[in-house]
Every structure is written in C-alpha cells, then in structure tokens.
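J.: Could you have a look at this structure, given as structure tokens, before my questions?
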Ligand code: NAD
C-alpha cells in the first residue's frame, strides 16, 4: 500500500545519497517524482531506472533563474505539486580566517538561499490543495561543529526558516518540517569514512555506534510527506543515532561499570 499514492513531488539533490533513496521510496509508495539535480548523468539514469512516474529536471540550485525554470518544468511534467523536498546540499571545512569568501557564498547559496527560491515558486502550486515541504538540515544546524563555518550557518538558517514557513502557511494546509541527519553514509560524507581516526571518534560519539544509511533519512521524509504526519509542522527532527540527545559528558558506564550509586 502506497503512503503517498498519486502525490506529486520535487526532490532537489535527488540524484545521489539521501535524495536518491527518497526518490526510490517515494516511487515505491505511489508518488510521481521529479529528480532535480546538477548531476544530469546520474539524475537521468535514475529517472530512467525508476520508470514512467519519475522525471529528471536539471538545475543548479545556486541560480535563482534556474530554480524558476525547474519548478515551472517540474510542475508541468507532474501536473501540479504536493511535496517539495529541499535536499541538495554541499559541505565545506576550514576556520573562518583561512576561508575563501567565494566558498562561503556558494555554500550559503546552495544550502540556504536556494530554499527561498524553490519555496517562492513552489508555494503557489502547493497552496491550491495543501502539501508538505521537507528541508534537509543537519545536526550541524542545531549545534556547531569544528571547521564547518558556512555549513553550520546555512543549516542553522534552514531550521529557523523552516519554522517561519510553517507559521506562514499553516492555514494553507502546508506543513513544513526540517530533518537533521547525523552522520549518513553518502558520497557527501565519503571523505570522513576514509579517515580511521575521524571514524573512531565519530563512533564513540554516536550512542547507536554506527553511521546512518540514506534510506533511514528517506523513511522519515516519507512519514513527513504522508498523512501519517498530518499534525506535524514547524519541527526539526533529528535522525542521528542519538547524537543530539547527549551533552557530550563522559560515558560513565565506561568508567564506573554497571553499578548503582545510592
Ligand atoms: P550527496 O552528495 O550524496 O547528494 C547531494 C546531491 O545534491 C547530489 O546529487 C548533488 O549533485 C546535488 N547537488 C549539489 N549541489 C547542487 C546544486 N548546486 N544544484 C543542484 N543539485 C546539487 O549528499 P547527501 O549526504 O545525500 O546530502 C543530502 C543532504 O543531506 C544535504 O543537504 C546535506 O547537507 C545533508 N546532510 C548530509 C549528511 C551526511 O552525513 N551525509 C549529514 C547531515 C546533513
């Protein structure tokens, strides 16, 4: 049984990682999907593999004009719009005094400014019958991470903009939520997986002691897109193996064992 039968969805960054798994799951659950991505080769191949309910639209989400064209073409192909997934994203690393301003602007454009433009063009379609907007933020938008300057700033912006959109469109029947993934095994995070020291520290700091898989984020997107989440709006939903539940204080059982102190 499809949870989003006949729903029409745009997924930015739908050609890889989390977005790709969302496209696969949404098709499985009866939706029509536009994969909107910079990577035409992967996007076209995925749309062809997923069949007649999947389409590819090329877009660089850092370019407002391309977003306008993409939303117009996507809504034409789909015959309307019920679900918008703002998921395309890029990372960066380094301390601010060494950072290149062009990189700062690129990250803010792709990860944050793009949402304003996709929403601006998608909302008139969503307002016709209601719908769901899901923004891929990050745990790095709820707290900071070393060296993530523009990434942390952009994802923090995504979370608060999500709340604003949720308020402004609540009475139009549009729910808006952000997902905050922790470490997810996708091409974006590949450099981290190749570094044993980093992975050891990561796994120490993840209560579930493993990275997440992109389909584990896609399942939460499906929930938020479906009527199962009919009263959920304006939320930042951590999908992070428990990272955001922990203050970072010592793992006391490692030091005290399984004892009870009266
Ligand atoms: P990914 O690199 O596998 O996929 C990102 C997709 O976005 C790619 O298909 C890429 O071509 C597309 N993209 C990048 N720049 C674009 C642009 N300018 N225009 C259009 N498309 C563009 O990475 P992922 O891990 O699946 O990332 C998806 C989202 O999840 C991102 O917003 C990322 O910040 C977020 N996220 C990922 C992790 C993680 O550990 N992987 C953690 C937290 C948040």
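In the numbering used here, the protein residues as written are 138 to 399.
For glycine and all other residues, C-beta sits at the position ideal for the given N, C-alpha and C.
Using the C-alpha atoms, what's the distance from residue 390 back to residue 307?
T.: By one-based count along the chain shown, residue 307 stands at place 170. By one-based count along the chain shown, residue 390 stands at place 253. Rounded to whole angstroms, residue 307 to residue 390 spans 45 Å at the Cα level.
J.: Can you tell me which of 393, 353, 268 puts its alpha carbon nearest to the alpha carbon of residue 362?
T.: Within the chain shown, the letter at position 225 stands for residue 362. The residue with the shortest Cα to Cα distance from residue 362 is 268.
J.: Is residue 310 near the ligand NAD, with its Cβ less than 7 Å from a heavy atom?
T.: Walking along the chain shown from the start, residue 310 turns up at place 173. Relative to the ligand NAD, residue 310 has its C-beta separated by 7 Å or more from all heavy atoms.
J.: The ligand NAD and residue 273: does the residue's C-beta get closer than 7 Å to at least one heavy atom of that ligand?
T.: As a working mapping, residue 273 is identified with position 136 in the chain shown. Residue 273: yes, Cβ under 7 Å from the ligand NAD.
J.: Between 279, 320, 270, 352, which lies nearest to residue 341 when the distance is taken from Cα to Cα?
T.: Start at 1 with the first residue of the chain shown, and residue 341 comes out as number 204. Of the listed residues, the one whose Cα sits closest to residue 341 is 320.
J.: Between which two residues does the alpha helix (DSSP H) holding residue 181 run?
T.: Here the question's residue 181 lines up with position 44 in the chain shown. 177-187 is the span of the alpha helix (DSSP H), which, as asked, contains residue 181.
J.: From this set, 195, 154, 155, which residue's C-alpha is nearest residue 171's C-alpha?
T.: Working through the chain shown from its first residue, we reach residue 171 at position 34. Checked all of 195, 154, 155; the closest Cα to residue 171 is 195.
J.: Buried or exposed for residue 351, please, with buried defined as at least 16 other CB atoms from any protein chain shown within 10 angstroms of its CB.
T.: Here residue 351 refers to the residue found at position 214 of the chain shown. Label assigned to residue 351: buried.
J.: So does residue 174 have its beta carbon nearer than 7 Å to some heavy atom of the ligand NAD?
T.: As a position in the chain shown, residue 174 is number 37, starting the count at 1. Answer for residue 174: yes, Cβ within range of the ligand NAD.
J.: Identify, in the order they occur along the chain, each residue of the same chain with its Cβ nearer than 8 Å to the Cβ of residue 232, setting aside the five sequence neighbours on each side.
T.: Within the chain shown, residue 232 is the residue found at index 95, counting from 1. Excluding sequence neighbours, residue 232 sits near 284, 286.
J.: What residues are listed by DSSP as bridge partners for residue 145?
T.: The residue labelled residue 145 in the question sits at position 8 within the chain shown. 169.
J.: Taking only three categories from DSSP, how would you classify residue 296?
T.: Position 159 of the chain shown, counted from the start, is the residue given in the question as residue 296. DSSP places residue 296 in helix when its eight states are reduced to three.
J.: Who does residue 221 pair with in a DSSP beta bridge?
T.: Taking the first residue of the chain shown as position 1, residue 221 is located at position 84. BP columns for residue 221 point to 147, 270.
J.: Going along the chain, which residues of its own chain have a beta-carbon closer than 6 Å to the beta-carbon of residue 258, five neighbours each way excluded?
T.: By 1-based counting over the chain shown, the position of residue 258 is 121. Hits under 6 Å: 205, 208.
J.: Among 148, 298, 388, which residue has its Cα nearest to the Cα of residue 169?
T.: As a first step, residue 169 must be located in the chain shown, where it is residue number 32. When each option's Cα is compared against that of residue 169, the closest is 148.
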